[in-house]
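Undergrad: Taken in order, these protein sequences are the chains called A and B. In terms of this note's numbering, the first sequence opens at residue 1 and continues consecutively. In terms of this note's numbering, the second sequence opens at residue 322 and continues consecutively. Here a beta-carbon is modelled for each residue, glycine too, at the ideal position from N, C-alpha and C. Dropping the structure in here first, questions after.
There are 2 protein chains.
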Amino acid sequence: MLHQEMKYTMGKTLSQLPEETKCTRCRSQATIRMTNHHANFCPPCFTHFVHSAVERAWKKFPISRDEPLMVAVSGGKDSLALWDILNQLGHKTKGLHINLGIEGFSNASVQAIERFAAERRLPWAQYSLEEVFGHTIPEIQSRTRRKICGVCGLLKRRFLNRLTLMEGFQVLSVGHNLDDEAGRLLGNMVRHREQYMENLYPYLPSPHPRMPARVKPLYRLDAYEITTYCGVRHISFLDSKCPMSRGATSHSFKEALRFLEEKMPGTKRHFLFKHLRGKKVPGNGQDFGICRECSEPTFGDHCSVCALRAHVNQPRKKVAH
Amino acid sequence: MLHQEMKYTMGKTLSQLPEETKCTRCRSQATIRMTNHHANFCPPCFTHFVHSAVERAWKKFPISRDEPLMVAVSGGKDSLALWDILNQLGHKTKGLHINLGIEGFSNASVQAIERFAAERRLPWAQYSLEEVFGHTIPEIQSRTRRKICGVCGLLKRRFLNRLTLMEGFQVLSVGHNLDDEAGRLLGNMVRHREQYMENLYPYLPSPHPRMPARVKPLYRLDAYEITTYCGVRHISFLDSKCPMSRGATSHSFKEALRFLEEKMPGTKRHFLFKHLRGKKVPGNGQDFGICRECSEPTFGDHCSVCALRAHVNQPRKKVAH
């Protein structure tokens, strides 16, 4: 049973700073060292720092502050911190979770979300992939040779979009942080996938009436800052990696960046922010057709979800593992 | 004394392949495993593979095969392998070494070159930085706060250019390999130094009558292949890093790429070659002026060598280390 191994954490243990260390902002005693920003903070000022980073990100989003936000939640540090921050900043939010049906891991995810939402009395909705797509992730893995992380990412992206609209929201908010975005940028650069680099922007407008806009309010905060925020705000999150994600290439690019950041502090931030500085909000003028199967917007005759379903449902051949 | 620590090597010990392993090219017994190319080679076919990579690189160089080549040699694996290959391929060559005056290291470099050249009866010239610039590298380091690797690179570049012409050659050949070039590309991308990326090309035409053209014939071969070549061809090279180069940022980018290559074999090659595929030979239409001090081509009133000399010669202030 995987369940036993699932680990919940409540963020970083706060740094043991010498007693005379003062908070850079309010001069009271500091407990959090932010070497990257040459600053030390007390917990309230650290919270202020995190909220400011999200407020600053929000300036890039042409979205009214009254717009209700659907928040994609997995139960991990990023999505729960995001939900908490948006809530703290006064946004109207609702959580949205897709249960992937991964033994142990998915139950642990749901428990983390349940506890978080109950403590804060926040509304959320749960859908299972089995119910919306017809199969769990492990089932899909046993029926395809495609890399499961790519398939899972595709399905989450599509169903989060569809369910956001179904739930009556126009904007989906996701927890991608600075490390995720910088790692993705590095991967696209190293593999010369210039076509994907346009979409690497913290705000993507709705490209079609049947697709929501998407925002990434955490793109200015890195994993360390988010984990620390969870500690300060007593957010208990699921601290286990998906047991099926071993060897995902995105991890390697993030790790390469972590190595460069360690050797040359500031590299990661400068790399992403300088890239974004020259960019405009991506256009939404794509030419969509309609999927013959499900009527969702698509570029071909069939959307990728229906194509995947057909592939998974076809009579099984022997698949080597 | 550093000298005692200097290490000469004769390349990789050849792989211990099972006896039945056949050479991919001639079907005789293979001794060299080339996992990256899904091939195994016997020593003569490996030599053929290396020579072919250089011949293929040469197609990018609009240079006659009869053009005499000055070869920048340091005594390390890359420059000695380069000199050997060019010689084997029938080019007329002469070695050019700049003695940097680094205790132990510089003597060891000269010894490696001397031995190599004597065994093959190849002509070479040695100049000392002290004689052409007025100071050794350690002297310069004690008189400036600038990073010594950057200063040393600048001086080598400029004096290799000048001495090449002085020796009556029009083309300078340097030993930068695939790892060097891919690492430099990564560094320029991550730090968004787009202006340097144009010059990342294995052939640079002479931008001024007083500057030679520059070629990098080894850009398709990585460090493993070059070290193996040295083993096959019995080239004894200096296998020690410069004792003053610790912490050079270029190492970090090469290391990050090595990590990615290990996780995703082929990444490094594809990264560099795809980048070069879209590029043209950089133009040579730069607007040079003349240095007031030494009459060398420059963009400002003084060339960077004269500016550095003035900086180094100024009355000494206390320099913190």
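(1) Is it the case that the Cβ atoms of residue 484 of chain B and residue 438 of chain B are separated by a distance below 9 Å?
(2) Quick check: is the beta carbon of residue 274 of chain A nearer than 9 Å to any beta carbon in chain B?
(3) Considering just the uninterrupted stretch of the beta strand (DSSP E) at residue 422 of chain B, what are its terminal residues?
(4) Would you mind sorting residue 489 of chain B into buried or exposed? The rule is 16 or more other CB atoms within 10 Å of its CB.
(5) With DSSP as the reference, label residue 604 of chain B as helix, strand or coil.
(6) Buried or exposed: where does residue 73 of chain A fall if 16 or more other Cβ atoms within 10 Å of its Cβ makes it buried?
(7) Any beta-carbon of chain A closer than 9 Å to the one on residue 521 of chain B?
(8) Suppose contacts are defined by Cβ-Cβ distances below 9 Å. Is residue 506 of chain B in contact with residue 580 of chain B by that definition?
(9) Would you please state the rounded distance, in angstroms, between the beta carbons of residue 345 of chain B and residue 361 of chain B? I believe it to be under 8 Å.
(10) Taking 9 Å as the CB-CB cut-off, is residue 492 of chain B touching chain A?
(11) Between which two residues does the alpha helix (DSSP H) carrying residue 127 of chain A extend?
(12) Judging by CA-CA distance, which residue of A:226, A:306, A:246 is the nearest neighbour of residue 49 of chain A?
(13) Is there a Cβ of chain A sitting closer than 9 Å to that of residue 591 of chain B, yes or no?
(14) Quick test of your reading: residue 158 of chain A and residue 305 of chain A, contact by CB under 8 Å. State the CB separation rounded to the nearest angstrom.
(15) What residue does the beta strand (DSSP E) around residue 494 of chain B start on, and which one ends it?
(16) Pick out whichever of A:249, A:179, A:91 has its Cα sitting closest to the Cα of residue 218 of chain A.
(17) Considering residue 535 of chain B, what are the terminal residues of the beta strand (DSSP E) in which it resides?
(18) Taking contact to mean at least 3 C-beta pairs separated by less than 8 Å, is the segment 100-110 of chain A in contact with the segment 275-284 of chain A?
(19) Go ahead and label residue 137 of chain A buried or exposed: buried means 16 or more other beta carbons lie within 10 angstroms of its beta carbon, across all protein chains shown.
(20) In whole angstroms, give me the CA-to-CA distance for residue 208 of chain A and residue 65 of chain A.
(21) Our contact map puts residue 491 of chain B next to residue 534 of chain B with C-beta atoms below 8 Å; I'd like the distance itself, whole angstroms only.
(22) What runs of the alpha helix (DSSP H), each 4 residues or longer, lie entirely inside the segment 465-534 of chain B?
(23) According to DSSP, is residue 438 of chain B helix, strand or coil?
(24) Residue 275 of chain A: buried (16+ other C-beta within 10 angstroms of its C-beta) or exposed?
(25) Taking DSSP as the reference, what is the three-state secondary structure of residue 584 of chain B?
(26) With a CB to CB cut of under 6 Å and the five nearest residues on each side skipped, what residues in its chain are close to residue 557 of chain B?
(27) Suppose you measure from the CA of residue 473 of chain B to the CA of residue 630 of chain B; what does that come to, to the nearest Å?
(28) Residues of the segment 504-536 of chain B in Cβ contact with chain A at a cutoff of 8 Å, in chain order, please.
(29) Would you decide whether residue 202 of chain A is buried or exposed? Buried here means 16 or more other CB atoms lie within 10 Å of its CB.
(30) Whose Cβ in chain B lies nearer than 8 Å to the Cβ of residue 260 of chain A?
(31) Would you list, in sequence order, the uninterrupted alpha helix (DSSP H) runs of no fewer than 4 residues that lie entirely inside the segment 32-63 of chain A?
(32) Output yes if chain B places a C-beta closer than 9 Å to the C-beta of residue 263 of chain A; else output no.
(33) Helix, strand or coil, according to DSSP, for residue 1 of chain A in the structure here?
(34) Provide the residue span of the alpha helix (DSSP H) that contains residue 17 of chain A, from first to last.
(35) Is residue 298 of chain A close to chain B, meaning its C-beta is less than 9 Å from at least one C-beta of that chain?
(36) How long is the line joining the alpha carbons of residue 324 of chain B and residue 636 of chain B, rounded to whole angstroms?
TA: So, from the listed chains and residues:
(1) Taking the second sequence and counting its residues from 1, the one referred to as residue 484 of chain B is at position 163. Taking the second sequence and counting its residues from 1, the one referred to as residue 438 of chain B is at position 117. Their beta carbons are not under 9 Å apart, which means residue 484 of chain B does not touch residue 438 of chain B by this criterion.
(2) Here residue 274 of chain A is taken as the residue at index 274 of the first sequence, counted from 1. Chain B, which has a Cβ nearer than 9 Å to the Cβ of residue 274 of chain A, makes this yes.
(3) Locating residue 422 of chain B in the second sequence gives position 101, where the first residue counts as 1. In this chain, residue 422 of chain B is not harboured by any beta strand (DSSP E), its DSSP state being neither H nor E.
(4) To locate residue 489 of chain B, count along the second sequence from 1; it is residue 168. Within 10 angstroms of the beta-carbon of residue 489 of chain B lie fewer than 16 other beta-carbons, which makes it exposed.
(5) Position 283 of the second sequence, counted from the start, is the residue given in the question as residue 604 of chain B. Reduced to three states, the DSSP call for residue 604 of chain B is coil.
(6) Within the first sequence, numbered from 1, the residue matching residue 73 of chain A stands at position 73. By the Cβ-count criterion, residue 73 of chain A is buried, with 16 or more other Cβ atoms from all chains shown falling within 10 Å of its own Cβ.
(7) Here residue 521 of chain B refers to the residue found at position 200 when the second sequence is read from its first residue. Residue-level contact by beta carbon fails for residue 521 of chain B and chain A, as no gap is shorter than 9 Å.
(8) Reading the second sequence from its first residue, position 185 is the one you call residue 506 of chain B. Reading the second sequence from its first residue, position 259 is the one you call residue 580 of chain B. Note that the C-beta distance between residue 506 of chain B and residue 580 of chain B is not below 9 Å.
(9) Here residue 345 of chain B refers to the residue found at position 24 of the second sequence. Here residue 361 of chain B refers to the residue found at position 40 of the second sequence. Contact flag correct, Cβ pair sits at about 6 Å.
(10) Position 171 of the second sequence, counted from the start, is the residue given in the question as residue 492 of chain B. For residue 492 of chain B, the answer is no, since every Cβ of chain A falls outside 9 Å of its Cβ.
(11) Along the first sequence, read from residue 1 onward, the residue named residue 127 of chain A stands at position 127. Taken as a continuous stretch (DSSP letters only), residue 127 of chain A belongs to no alpha helix (DSSP H), being part of the beta strand (DSSP E) at 124-128.
(12) By one-based count along the first sequence, residue 49 of chain A stands at place 49. Looking at A:226, A:306, A:246, the one whose alpha-carbon comes closest to that of residue 49 of chain A is A:226.
(13) Here residue 591 of chain B corresponds to residue number 270 of the second sequence, with the count starting at 1. Among the residues facing chain A, residue 591 of chain B is included, as its CB has a counterpart in that chain under 9 Å away.
(14) In the first sequence, counting from the first residue as 1, residue 158 of chain A sits at position 158. In the first sequence, counting from the first residue as 1, residue 305 of chain A sits at position 305. Right, the Cβ-Cβ distance comes to about 5 Å (below 8 Å), so this counts as a contact.
(15) As a first step, residue 494 of chain B is located in the second sequence; it is residue number 173 there, counting from the start. Where residue 494 of chain B is concerned, the enclosing beta strand (DSSP E) stretches over 492-494.
(16) Taking the first residue of the first sequence as 1, we reach residue 218 of chain A at position 218. For residue 218 of chain A, the closest alpha carbon among the candidates A:249, A:179, A:91 is that of A:179.
(17) As a position in the second sequence, residue 535 of chain B is number 214, starting the count at 1. Run containing residue 535 of chain B: 534-536, per the beta strand (DSSP E) assignment.
(18) Contact between the segment 100-110 of chain A and the segment 275-284 of chain A is absent, because fewer than three Cβ pairs lie under 8 Å.
(19) Within the first sequence, residue 137 of chain A is the residue found at index 137, counting from 1. Buried, by the Cβ-count rule.
(20) Translated into positions along the first sequence, residue 208 of chain A becomes position 208. Translated into positions along the first sequence, residue 65 of chain A becomes position 65. Rounded to the nearest angstrom, the two C-alpha atoms are 22 Å apart.
(21) For the purposes of this step, residue 491 of chain B is taken as the residue at position 170 of the second sequence. For the purposes of this step, residue 534 of chain B is taken as the residue at position 213 of the second sequence. Going by Cβ atoms, the distance from residue 491 of chain B to residue 534 of chain B rounds to 6 Å, so yes, they are a contact pair.
(22) With a minimum length of 4 residues, the continuous alpha helix (DSSP H) runs that stay inside the segment 465-534 of chain B are 469-487, 499-511, 515-518.
(23) By one-based count along the second sequence, residue 438 of chain B stands at place 117. Residue 438 of chain B: helix per DSSP, three-state reduction.
(24) Along the first sequence, read from residue 1 onward, the residue named residue 275 of chain A stands at position 275. Looking at its Cβ environment, which holds 16 or more other Cβ atoms inside 10 Å, residue 275 of chain A is buried.
(25) Start at 1 with the first residue of the second sequence, and residue 584 of chain B comes out as number 263. The three-state secondary structure of residue 584 of chain B, taken from DSSP, is helix.
(26) By 1-based counting over the second sequence, the position of residue 557 of chain B is 236. Closer than 6 Å at Cβ, skipping near neighbours: 329, 331.
(27) Along the second sequence, one-based indexing puts residue 473 of chain B at 152. Along the second sequence, one-based indexing puts residue 630 of chain B at 309. Between residue 473 of chain B and residue 630 of chain B, the C-alpha separation is close to 13 Å.
(28) Taking 8 Å as the upper bound on Cβ-Cβ separation, chain A lies near residues 507, 510, 511, 512, 513 of the segment 504-536 of chain B.
(29) Looking up residue 202 of chain A in the first sequence gives position 202. Buried, by the Cβ-count rule.
(30) The count along the first sequence starts at 1 and reaches residue 260 of chain A at position 260. Against chain B, a Cβ distance below 8 Å from residue 260 of chain A picks out 511, 573, 574, 577.
(31) Restricting attention to alpha helix (DSSP H) runs no shorter than 4 residues, the segment 32-63 of chain A encloses them at 43-58, ordered along the chain.
(32) To locate residue 263 of chain A, count along the first sequence from 1; it is residue 263. In terms of beta-carbon proximity, residue 263 of chain A lines the interface with chain B, with at least one pair separated by less than 9 Å.
(33) Here the question's residue 1 of chain A lines up with position 1 in the first sequence. For residue 1 of chain A, the predicted model reports a pLDDT of 32, less than 50, meaning its position is unreliable; a value from the coordinates is still stated below. Correct three-state label for residue 1 of chain A: coil.
(34) By one-based count along the first sequence, residue 17 of chain A stands at place 17. Unbroken run through residue 17 of chain A: none, as it is neither H nor E.
(35) Within the first sequence, residue 298 of chain A is the residue found at index 298, counting from 1. Nearest CB-CB separation between residue 298 of chain A and chain B: not below the 9 Å threshold.
(36) As a first step, residue 324 of chain B is located in the second sequence; it is residue number 3 there, counting from the start. As a first step, residue 636 of chain B is located in the second sequence; it is residue number 315 there, counting from the start. Because the pLDDT at residue 324 of chain B is just 39, under 50, the model does not fix this residue reliably, and the value given afterwards should be weighed accordingly. Approximately 32 Å between the Cα atoms of the pair.
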